[in-house]
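Numbering (the numbering used here), first residue to last: 7 to 437. Built from N, CA and C at the ideal position, the CB exists for glycine as well. On a predicted model such as this, the values are computed, not experimentally measured, just so you know. This report concerns only the one structure given below.
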């Protein structure tokens, strides 16, 4: 049986299971600093599996921008663009990568693998960083170069001085940077070993003084299913000291922290985290949180102080002593991209965080699949999320035209967002 036919069968079975399992369930998004999280509904060994087929954009079709904004394709025809990084000279680096197709060992693994490939969430990774340049300033990058190639699942990128750091799934790498060059041919210098597999994105952000790099590493499994020894140095944010070459865990208990950004009035590190699966449509919600040095945020033992009774508990991390996240973003949104947006960047929007929500697979009513925004006041999130870009899904939820990922503010103050199903970098400005 071909993989595509098997995927269609899995989707049909999944639709029936969703209807039976989630009939009457509250599907209202759980948002805010004090979320009312529904009681868990454990799904056993076969969680809800629902994901749209990747379709892409055709013709002039594009996402819908919020009132007062407009969107155009800054660059199209990329290969699974995931992360965006803006260089000081205005050039834009794009990490092109995807999850690697593994070797399924069970029927459920086969079903998950087929579903992920149908949704273009796994396959053959491009393993490339591409350089884009809008030399004439018209909002479209007319110059494109393969900047770094043959890096295992590149994701995070950060420039400090004359060194460009790249987060591959298996290592933190350093490259010599020359602003006049359009390609780096020197091999990357390995600074730090990272364990590939599982949640594979390795995002990076530099400290304000440029002496340290923070490296986000997701868990191998959903809830420590392979034992906690397999999760060593995972589900956390590492702090790498450039001068000494040593690293330590800065914040832990973060199942899959990906996007990171500094809140400028407090100089506090913030991240967006993908929470665990298998407990219901809105249980628990993904979240946006500040990260305390030495903090522990619950995974896998609990969420928001609620014990996950599927997991053997830890005496070292009792639920009563764990840090609670700052702001709930709704269940299974797969919030991956994060960028601080200064006031005045987007007309009608105050200062706050833009969040690329890749979209759910483990719920009956799809969530995420949008570029959203959370306003900040006095260093903290306030109000409810506001949409920036929407309509990445077909109305019947069968197809995804695009899936939002990394976000960055460009040199001209436009907001750039990677779309790894549409293979586009979208550019958002005032209308």
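* Asked: residue 254 and residue 225: beta carbons closer than 8 Å?
  -> no
* **Pick from 434, 207, 232 and 183 that is closest to residue 221, judged by C-alpha positions** => 207
* Which of the three DSSP states, helix, strand or coil, is assigned to residue 196? -> strand
* **Burial state of residue 433 (16 or more Cβ within 10 Å)** => buried
* What does a CB cutoff of less than 6 Å around residue 49 pick up in its chain, not counting 5 residues either side in sequence? -> 284
* Distance between beta carbons of residue 366 and residue 339, contact taken as under 8 Å -> 6 Å
* To do: Note down the Cα distance separating residue 420 from residue 167, rounded to an integer number of angstroms.
  => 24 Å
* Could you check the C-alpha separation between residue 55 and residue 368 for me, to the nearest Å? => 5 Å
* Candidates 424, 275, 336 and 246: which alpha carbon is nearest residue 298's? -> 275
* Asked: If we ignore side chains and look at the alpha-carbon of each, how far apart do residue 489 and residue 430 end up?
  -> Outside the modelled stretch of the chain, which goes from 7 to 437, sits residue 489, for which no answer is possible.
* Between the Cα of residue 436 and the Cα atoms of 45, 142, 71 and 320, which residue gives the shortest distance? -> 71
* Asked: What is the residue span of the beta strand (DSSP E) that residue 291 lies within?
  -> 291-296
* Nonlocal neighbours in the same chain, by C-beta distance under 8 Å from residue 143, ignoring five residues either side -> 418
* Asked: How many angstroms separate the CA atom of residue 78 from the CA atom of residue 379?
  -> 19 Å
* Whose C-alpha, out of 341, 193, 57 and 216, is nearest the C-alpha of residue 264? -> 341
* **Beta-carbon proximity check, residue 217 vs residue 176, cutoff 8 Å** => no
* State the Cα-Cα distance for the pair residue 295 and residue 35, rounded to the nearest angstrom. => 17 Å
* Cβ-based neighbour list, residue 42, same chain, cut-off 7 Å, excluding 5 preceding and 5 following -> 36
* Element boundaries [beta strand (DSSP E), containing residue 162] -> 162-166
* If you follow the beta strand (DSSP E) that residue 244 is part of, which residue opens it and which one closes it? -> 242-247
* residue 279 to residue 188, Cα distance in whole Å? -> 34 Å
* To do: Please determine, among 331, 409 and 38, the residue with the shortest C-alpha to C-alpha distance to residue 364.
  => 409
* Assign residue 390 to one of two classes, buried (16 or more other C-beta atoms within 10 Å of its C-beta) or exposed (fewer than that). => exposed
* Ignore the nearest five residues each way along the sequence and tell me which others in residue 103's own chain have a CB closer than 7 Å to its CB. => 86, 88, 131, 132, 133, 159, 160 and 161
* **Cβ shell of residue 385 (< 7 Å), same chain only, five flanking positions each side left out** => 269, 271, 272 and 274
* Is residue 136 buried or exposed, if buried means 16 or more other CB atoms sit within 10 Å of its CB? -> buried
* Between the Cα of residue 47 and the Cα atoms of 155, 288 and 205, which residue gives the shortest distance? -> 288
* Using the Cα positions of residue 399 and residue 80, report the straight-line distance between them to the nearest angstrom. => 21 Å
* Residue from 64, 290 and 76 with nearest C-alpha to residue 38 -> 290
* Reference residue 155; option with closest CA among 194, 311 and 184 -> 194
* Burial state of residue 192 (16 or more Cβ within 10 Å) -> exposed
* Asked: How big is the Cα-Cα spacing for residue 190 and residue 105?
  -> 24 Å
* residue 173 and residue 228: beta carbons closer than 8 Å? -> no
* Go ahead and pull the three-state DSSP assignment for residue 104. => coil
* **Range of the contiguous beta strand (DSSP E) that encloses residue 91** => 87-92
* Name the two residues that bound the continuous beta strand (DSSP E) containing residue 276. => 274-279
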